[in-house]
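Participant:
Residue numbers (this note's numbering), protein chains in the order written: chain G, 1 to 108; chain R, 1001 to 1116.
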């Protein structure tokens, strides 16, 4: 099973700043099948990025992903109050699919 | 626009079977590009993949879980046997609408509590 570790646990930033979230895998993620999700309180997760760097439909270009192998990054530029949420990474290249524990982004 | 809605009891007794259904609208489960399954989230915790399709299950749950599809009703279901308090969670059904696209459609989630 591929274990995903996310850092930092919590990120507290001001509107307009840039957030950089890390996701590290215990072994190489097949074909970079890594996704990022945003989950606001009381809501279902929302797909932001798939295949490590491709934005899902309707996701603004403030969200970008990069990485390969075992190291992946989600960057959110020009932070807005609505970006306050927990962000999860997920690998779906190998069974069992696994999720990281999440990074909480707080907007001051 | 594909929409999913979970249904089922919100309270299940320990040792009994949890049964949930995911009703799909705005698209057909017979689509060759659709892949579906279940994820759960214990209170205040992260996401746990339960299974995908009818054959891929989380090893930690495999002996207790069954996912089945009923294309005539355009729905799929989750059965989890011998539940304990640790199965208390919000259960989400999901659909991946294109190969290796990630989980792009989610149900709203349904809270299930295991308690006597």
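Beta carbons are placed, not taken as given, at the ideal position from N, Cα and C, and that holds for glycine. Owing to the predicted nature of the structure, the values given are computational and were not obtained by experimental measurement.
List the endpoints of the continuous beta strand (DSSP E) containing residue 1070 (chain R).
Facilitator: That run of the beta strand (DSSP E) goes 1065–1070.
Participant: If you drop the 5 nearest sequence neighbours on each side, which residues of the same chain put their C-beta closer than 6 Å to that of residue 1096 (chain R)?
Facilitator: 1035, 1103, listed in sequence order.
Participant: Look up residue 1083 (chain R) in the DSSP assignment and give the residues it is bridged to.
Facilitator: DSSP lists no partner for residue 1083 (chain R).
Participant: I'd like the span of the beta strand (DSSP E) that includes residue 1023 (chain R), first residue to last.
Facilitator: Its beta strand (DSSP E) spans residues 1018–1025.
Participant: If you reduce the DSSP assignment to three classes, tell me which class residue 61 (chain G) lands in.
Facilitator: Three-state DSSP puts residue 61 (chain G) in coil, outside helix and strand.
Participant: Name, please, each residue of chain R whose Cβ falls closer than 8 Å to the Cβ of residue 7 (chain G).
Facilitator: Chain R residues near residue 7 (chain G): none, gap ~14 Å exceeds 8 Å.
Participant: In chain order, what residues of the region 1042–1060 of chain R put their CB closer than 9 Å to some CB of chain B?
Facilitator: The chain inventory of the structure shown lacks chain B, comprising the protein chains G and R.
Participant: In angstroms, rounded to a whole number, what distance separates the CA positions of residue 1007 (chain R) and residue 1040 (chain R)?
Facilitator: Between residue 1007 (chain R) and residue 1040 (chain R), the C-alpha separation is close to 14 Å.
Participant: Do residue 1078 (chain R) and residue 1067 (chain R) have their C-beta atoms closer together than 7 Å?
Facilitator: Yes; because the gap between Cβ atoms is below 7 Å, this pair is in contact.
Participant: Whose C-alpha, out of R:1047, R:1023, R:1052, is nearest the C-alpha of residue 1074 (chain R)?
Facilitator: Answer by Cα proximity: R:1023.
Participant: At a Cβ threshold of 7 Å, is residue 1106 (chain R) touching chain G?
Facilitator: Yes, contact with chain G.
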